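First residue of the sequence shown: 1, per full-length UniProt numbering; consecutive thereafter.
A virtual CB, placed ideally from N, CA and C, is assigned to each residue, including glycine.
None of the values given here were measured: they were computed from a predicted structure.
Report on the structure given below.
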Amino acid sequence: MSSTRRNRQVRFSQNFLHDRRLVERLVGEAGLGPDDIVLEIGPGTGIITDVLARRCGHVLAVEKDQQQVGTLQRRFRHQPRVTVFRADFLEFPLPATQYKVFASIPYNITTAIVAKLTSGVSPPDDAFLIVQREAAARFIGAPANTLFALELAPWFDLSIRRELQRTDFRPVPAVDSVLLRVRRRPEPLVPDERRGAYLDLVTALFTAWKPSVLEALSTIAPGDIVQALHATFGSDLSRTPAQLPFVLWLRLFERIVALEDDRVWSAVAGAGERLKEQQSRLMKRHRTPVHHATRRR
């Protein structure tokens, strides 16, 4: 490997899939076809891009590194089904039309990428992302729930489609990777008009840092409402927020909505947006090259 390429890998936290047959299997298992517009994030040298271009209707390849962009443009200059963009994906406008995603994304901004894909006005119908196994578990909420998993679950169905070997990448990463599927639900489990209320509620309860959901509820709801919820859910509310499964979070939200009491919603109003703003500030502060992380393709 050249020193120039090695330096780019350190700078952009890159590791690359190196077996074309594996890439073909992964793309084939994703079920992508000629009717699909596919967004690829961080295509690098283009091993995934090339397979996508042979299967899909059009590939939108978004690459930040100028040298890699030049390589991609030369490689695909005679391929009309590939459009290469030099851009930071976190600042790149998502397609307004229906599209899907297939990409091996950087470890150090994985959460930011998934958040952008799932919280915007035009999320993909389906996304297949090669990510660190630990990150995938956090997004799915297994074995323990996370706030991010709860934010995704009403609108997206997440699953691990394939375990990958460390030797599938060059250079070999120090962590395990998986192919994560993020599929948009045809019918959301929470209506769009209640999205903000749901996010405010789960954010307020999860960030109350109380040992049980019941005690977290006591920080946002009057005693009579807490008692009513305790009567409905019983010992389930004794679990920590991370231990409460999504199906019970959903039932809890629906029950509070049914109570038609504005006192709870007044207490949690804006919690989701405030946390998002805090996270955005932290992300901007720390978005510098990370030398110990890796980026895989």
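Just curious, the beta strand (DSSP E) that residue i is in, first and last residue?
i: Val82; result: 82-86
i: Asp157; result: 156-164
i: Val182; result: 177-184
Only counting the same chain, and skipping five residues up and downstream in sequence, which positions put a Cβ closer than 7 Å to that of residue i?
i: Leu199; result: Glu151, Gly272
i: Lys284; result: none
i: Thr203; result: Leu147, Ala271, Gly272, Leu275
i: Ala208; result: Ala216, Thr219
i: Leu189; result: Pro154, Leu250
i: Asp261; result: Ile225
I'd like the list of long-range same chain contacts for residue i, defined as Cβ closer than 6 Å, with 5 residues on each side in sequence excluded.
i: Arg161; result: Leu179, Arg181
i: Arg183; result: Asp126, Asp157
i: Gly141; result: Ala149
i: Glu91; result: none
i: Phe89; result: Ile41, Val62
Give every residue of the same chain whose Cβ lies closer than 8 Å to the Cβ of residue i, excluding the five residues on either side of it in the sequence, and list them in chain order.
i: Thr71; result: Thr45, Gly46
i: Asp35; result: Gly57
i: Glu40; result: Ile48, Thr49, Leu52, Val59, Leu60, Ala61, Val62, Val101, Phe102, Ala103
Looking at the C-beta of residue i, does it have a partner C-beta in chain D at a distance below 9 Å?
i: Gln243; result: This model lacks chain D altogether; it includes just one protein chain.
Can you give me the start and stop residues for the alpha helix (DSSP H) that residue i sits inside?
i: residue 299; result: The structure shown does not extend to residue 299, since the chain is modelled only from 1 through 297, so no value can be given for it.
i: Asp262; result: 262-268
Which residue from the options puts its Cα closest to that of residue i?
i: Ala231; options: Leu244, Leu214, Thr219; result: Leu214
i: His18; options: Phe169, Val268, Leu217, Ser266; result: Phe169
i: Pro222; options: Gly31, Leu164, Ala267; result: Ala267
i: Leu201; options: Trp265, Asp176, Arg255, Gly234; result: Trp265
Any alpha helix (DSSP H) of 4 or more consecutive residues that is wholly inside the segment 13-78 = Within the segment 13-78, the complete alpha helix (DSSP H) runs of at least 4 residues are 20-29, 47-55, 66-75.
At least three beta-carbon pairs within less than 8 Å, the segment 73-80 to the segment 90-108 | The segment 73-80 is not in contact with the segment 90-108.
For the segment 96-171, list the alpha helix (DSSP H) runs that are entirely contained and at least 4 residues long, ordered along the chain.
-> List check, alpha helix (DSSP H) in window: 110-119, 133-140, 147-152.
Touching or not, the segment 52-63 and the segment 121-137, by the rule of three or more beta carbon pairs under 8 Å?
-> Result no; under three Cβ-Cβ pairs closer than 8 Å.
Any chance you could list the alpha helix (DSSP H) runs of at least 4 consecutive residues sitting entirely within the segment 200-228, in chain order?
-> Note on the segment 200-228: whole alpha helix (DSSP H) runs with a minimum of 4 residues are 213-217, in chain order.
Three CB pairs or more closer than 8 Å across the segment 78-91 and the segment 20-27 | No, the segment 78-91 does not touch the segment 20-27.
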